[in-house]
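Asks: Following this message is one structure expressed as structure tokens.
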Amino acid sequence: MAGIFWLIPLVPAASSVVLVLSGSRISRKAVSLQACLAVLVSFILSLAVLAQILRMPPGSARLTKTLLGWITSGAFSAPVTFSVDPLAAVMCLVVTGVGFLIHVYSVGYMAEDRSYARYFGLLNLFTFFMLVLVMASNIVLMFVGWEGVGLCSYLLIGFWFERSAAAKAGMKAFIVNRIGDAGFILGILFLVSSVGSPEFAKINAAAAGGVLGPGLVTLAAILLFIGAAGKSAQIPLYVWLPDAMEGPTPVSALIHAATMVTAGVYMVARLNGLYSASPAAGSIVASIGAVTAVFAASIALVQTDIKKVLAYSTISQLGYMFIGCGVGAYGAGIFHLTTHAFFKSLLFLGAGSVIHALSGEQDIRKMGGLRKLLPRTFPAFLVAALAISGIPFLSGFFSKDAILTSAFMGGHYAVWGLGLLGAGLTAFYMFRLVFLVFFGESRLGDGAKRHLHESPRSMTTPLFILAVLSALAGFIGLPAVVGEKADLFGRFLEPVVRAANLPFPEAIEWNLILVSTAAAVGGLFIAYLFYIRYLLIPGQLAARAPWIYRVLVGKYYIDEIYDAVIVRPAVRGSELVYAQFDLKIIDGALDGSASAANLAGLGLSRLQTGLIKDYALAFLLGLVLFLGAILVLKM
């Protein structure tokens, strides 16, 4: 079965084409079956590929298949070649495994939507493009998947395009990502023109071997990271992701956990030879990640929309992944990407279950006391909250600590400090969310109370599976203090990604684990004091420092600043150009030519009298002139 691994992206693509073309002509049951089965087949193929790679020698664990020659110009060639190595195998499993559970969940969540077939067709198209991005053997083919997931995010975020907010959110995501992609394209051009090949292996080898100058390596790495900052929502291009919550909740889960936002992290890990050859670029990646982690976490502290809290949480957690990659611990970054896929998809799907139970209510101030009323949703959501907070011994605890330990051991103390602060903030805002939604007195409105119900099994079964993964997945990447061979995940990726190779003294590592655990437990405990024991404290703090509260609620007014500095001047400039150039010059020239043609037409229309005698006279005059001209020419 591993021999047909190249079908992994093509099966969802075929399903997408059928669903989009068939529309409402097939039953909802057939749509559900086909869409879910396509992703399940890709997941089974991904498992077969993983088994095959595990049996191969570590240095040569790679499956490759060229499907098409595609672009060829002189010595340059960019074929459609799919390649799966340990890194790609992990990503394929994440995309198809989590994607399949989200598909199953969507069957219940979107059951009443009138665009059911279009939804699943776009979901499968999204999966296809993400798998193309992951399995591409060269950066040009990766760019096809890169742009494809951008297109699908636009279509799915604005899925309910009848809503103005959804349509605007889709456009915002598309435009912001185009800004990042401008840098990405320039980075590709610099690399391809210098290396002569778009193949990842050759780019990494050229950078590591010193074939590329240090200045070029740094420039290309930074330009590519600009694209990654757009896709993976890092400062300053993060502003599209919170607004992306306007799409259906399963779409939010897919974007935040398994597809688009992980693309930037994967790209940096895939080009680890390039980033390892430029310490300056690596420092920029780690620093941006650290600042973003704390920045987004601080905004999440005061959000009142359940999905917006999780959106800013995603931005923050992506920052941790970039910290790992930036300090050279690429395996730790991908490890956190994997565990994050489990607990973040669980958080979004759990939030969707709450919203479904409350007939669309998303304001956490209008919830409370739901833990007994939603007996299947609550424990699953709680597991995910504990995991993302870094509470021992759930998955997020291991992956987060691997990143922070690598940052400290590499001498990136400021990055480590920001990461530690972000860990405490994460535990606080996540359990603020848990306590306000599931504990305390009920604050439900009358409409929500009347329709309150637990979600169907098609929605809660994926929650249970993801809860198990969120709890246990960390044990495949145990820290070095447990044993040299305990980090199975890191050893699996070692042939592909360059390890930091830093000495980890056992005593220091234990201390770092204890400190980060204390930060997580401390954040959880403070949330307990604020939202369970002493409920007046949050209001009192907001009253004592109102300007801090307003800044956080206003999300640092970054959207307003962008609007004032970029959007409105661009709109006013466009209006000025339109008024002075389009209307006066372009339209003036067109109107002038139209007037001249109109006058000519009016003049010629005078000759069309409809009287035979006038036409005979005109014929006679023309004949006389013609004969006169002949006589003149002969003289």
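Basically my numbering = 1-based index in the sequence shown + 727. We put the CB at the ideal spot given by N, CA and C, even for glycine. Only a predicted model underlies this, so the values are computations on that prediction, with no experimental measurement involved.
Just the Cα atoms here: how many angstroms apart are GLY1079 and PRO969?
Replies: Approximately 16 Å, taken between the alpha carbons.
Asks: When you compare only the Cα positions, how much space is there between GLY1328 and ALA1356?
Replies: When rounded, the distance between both Cα atoms is 28 Å.
Asks: Any idea if ILE1115 is buried or exposed, counting beta-carbon neighbours within 10 angstroms, 16 or more meaning buried?
Replies: Per the 10 Å Cβ criterion, buried.
Asks: Quick one: grab the DSSP three-state call for TRP887.
Replies: Coil at TRP887, not helix or strand.
Asks: May I ask you to report which of helix, strand or coil DSSP gives LYS1212?
Replies: Three-state result, LYS1212: coil.
Asks: Using 10 angstroms around the beta-carbon of VAL1298, count the other beta-carbons present and answer buried if the total reaches 16, otherwise exposed.
Replies: When all chains shown are included, VAL1298 counts as exposed.
Asks: Could you check where the alpha helix (DSSP H) with TRP967 kicks off and where it finishes?
Replies: Start and end: 967-970.
Asks: Would you say SER1243 and ASP1128 are within 8 Å of each other, going by their C-beta atoms?
Replies: Yes; because the gap between Cβ atoms is below 8 Å, this pair is in contact.
Asks: Looking at the secondary structure, which residues open and close the alpha helix (DSSP H) in which ILE1011 lies?
Replies: Counting along the chain, the alpha helix (DSSP H) containing ILE1011 begins and ends at 1006-1027.
Asks: On a CA-only basis, which of SER1072, ILE1026, LYS1035 is nearest ALA980? Give me that one, please.
Replies: The option with the nearest alpha carbon to ALA980 is SER1072.
Asks: If distances are taken between C-alpha atoms only, which option among ASP1214, TYR1156, PRO813, THR823 comes closest to LEU1028?
Replies: Taking only the C-alpha atoms, the option nearest LEU1028 is TYR1156.
Asks: Counting only the same chain and skipping the five closest in sequence on each side, list residues whose C-beta sits under 7 Å from that of ALA948.
Replies: Taken in chain order, the residues that qualify are LEU1001, TYR1002, SER1005, ALA1008.
Asks: Considering only the beta carbon of each residue, do ALA1154 and GLY1201 sit closer than 8 Å?
Replies: It is not a contact, given that the beta carbons lie outside the stated cut-off.
Asks: In this structure, how does DSSP classify LYS899 when only helix, strand and coil are distinguished?
Replies: Three-state DSSP puts LYS899 in a helix.
Asks: Which residue's Cα is closest to the Cα of VAL919: LEU1113, ALA805, LEU820?
Replies: Nearest C-alpha to VAL919: ALA805.
Asks: Pick helix, strand or coil for ALA805, following the three-state DSSP scheme.
Replies: DSSP places ALA805 in strand when its eight states are reduced to three.
Asks: Does the distance from the CB of GLY1051 to the CB of HIS1063 come in under 8 Å?
Replies: Yes, these two residues count as a Cβ contact at 8 Å.
Asks: Going by DSSP in three states, SER1182 sits in which element: helix, strand or coil?
Replies: Residue state, collapsed to three classes: coil.
Asks: Roughly how many whole angstroms lie between the Cα atoms of THR986 and VAL766?
Replies: For THR986 and VAL766, the distance between alpha carbons rounds to 13 Å.
Asks: Please return the same chain residues whose Cβ sits closer than 6 Å to the Cβ of ASN865, not counting the five positions on each side in sequence.
Replies: Once the five neighbours on either side are set aside, the close Cβ partners of ASN865 are ALA805, PRO925, GLU926.
Asks: Find the nearest neighbour of PHE1393 within the set ILE1235, ALA1245, HIS1083, judged by alpha-carbon distance.
Replies: No information on residue 1393 is available, as it lies outside the stretch 728 to 1362 that the chain covers here.
Asks: Just verifying my parser: in three-state terms, what is the DSSP assignment at VAL811?
Replies: Strand, per DSSP.
Asks: Give a yes or no on whether the C-beta atoms belonging to THR1132 and GLU1236 are separated by under 8 Å.
Replies: Cβ distance < 8 Å, so THR1132 and GLU1236 count as in contact.
Asks: Candidates ALA1150, VAL1164, ILE1253, LEU1037: which alpha carbon is nearest MET1094's?
Replies: Answer by Cα proximity: VAL1164.
Asks: DSSP on ALA863, reduced to helix/strand/coil?
Replies: Here ALA863 sits in strand by DSSP.
Asks: Taking the alpha carbon of PHE803 as the point to measure from, which residue in LEU878, ASN999, VAL867, ALA1323 has its own alpha carbon closest?
Replies: Nearest of LEU878, ASN999, VAL867, ALA1323 to PHE803, Cα basis: VAL867.
Asks: Bridge partners of ASP1032, per DSSP?
Replies: Answer by DSSP bridge pairing, in chain order: ASP1090.
Asks: Here's the rule: buried if 16 or more other CB atoms are within 10 angstroms of the residue's CB, otherwise exposed. What is ASN727?
Replies: Only positions 728 to 1362 of the chain appear in this structure, which leaves residue 727 out of reach.
Asks: Report buried or exposed for PHE1120, applying the criterion of at least 16 other Cβ atoms within 10 angstroms of its Cβ.
Replies: By the neighbour-count rule (16 or more Cβ atoms within 10 Å), PHE1120 is not buried but exposed.
Asks: Quick one: using the 10 Å Cβ neighbour count with 16 as the cut-off for buried, is HIS1180 buried or exposed?
Replies: So HIS1180 ends up on the exposed side.
Asks: Note down the Cα distance separating ASN1325 from ASP1314, rounded to an integer number of angstroms.
Replies: Spanning the two alpha carbons is a distance of roughly 16 Å.
Asks: If you draw a straight line from the alpha carbon of VAL672 to that of PHE901, how long is it in whole angstroms?
Replies: Residue 672 cannot be examined here, being either before or after the span of the chain that is shown, 728 to 1362.
Asks: Terminal residues of the continuous beta strand (DSSP E) containing LYS1071?
Replies: No beta strand (DSSP E) holds LYS1071; the alpha helix (DSSP H) holding it covers 1057-1084.
Asks: Could you name the residues of the same chain whose beta carbon sits closer than 7 Å to that of SER743, not counting the 5 residues immediately before and after it, in chain order?
Replies: Closer than 7 Å at Cβ, skipping near neighbours: GLY848, ASN851, LEU852, PHE855.
Asks: Is ASN999 buried or exposed, if buried means 16 or more other CB atoms sit within 10 Å of its CB?
Replies: ASN999 comes out buried.
Asks: For SER800, write down the residues that DSSP places opposite it in a beta bridge.
Replies: Answer is PHE803.
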